[in-house]
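Step one of this worksheet: look at the structure below.
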Amino acid sequence: MTASTPDTPLHTEWPALLRGESRLEWLPTGTVVVVLAGSITLEYPPRWLAGEAYRIRQTFTEGHAYALETSGWWGLYADRPGGAQLRVLVPAEPTYRWSLLTTLRRWLAHLGVRQQTRRGRA
């Protein structure tokens, strides 16, 4: 099994997984896994329920696509004859975050000034 780390550049297309091969990949929310050929079993990141970790598995065949609902370590298994060819589309980081945070910071600063004015400090 091969694995990636969160700072490893993610590929948009992987070479074929042969029968019996698997990958463990860190994938962010919104990533789309498309099965171009063959079949894969997708294993969700662990989920905790009553103090125990559970892993859900779901099988996808050729032509299916699945958008990941959560980030984490996803297992990809090619268990059937013929393996699988995948395309993994990782969403780009949104560029609006810094501008949104700057706007929010200004708004909060403005709100703080208004609060001080009402109390008679300014």
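Following UniProt numbering, the numbering of the sequence shown begins with 1 at its first residue and continues without gaps. All C-beta atoms in this analysis are idealised placements derived from N, C-alpha and C, irrespective of residue type, glycine included.
Minimum length 3: unbroken beta strand (DSSP E) runs contained in the segment 18-57: With a minimum length of 3 residues, the continuous beta strand (DSSP E) runs that stay inside the segment 18-57 are 22-27, 32-43, 47-49 and 52-54.
Every unbroken beta strand (DSSP E) inside the segment 77-112 [3 residues or more]: As for any beta strand (DSSP E) of minimum length 3 sitting wholly inside the segment 77-112, the runs are 84-89, ordered along the chain.
Meets three-Cβ-pair contact criterion under 8 Å: the segment 36-49 and the segment 99-106: No: the two stretches stay apart, fewer than three of their Cβ pairs being nearer than 8 Å.
Buried or exposed by the 16-neighbour rule on C-beta atoms within 10 Å, applied to residue 77: Per the 10 Å Cβ criterion, buried.
Cβ-Cβ distance between residue 74 and residue 24 below 9 Å: Taking 9 Å as the Cβ cut-off, residue 74 and residue 24 qualify as a contacting pair.
Through-space distance from residue 85 to residue 57, alpha-carbon basis: Roughly 18 Å separates the two Cα atoms.
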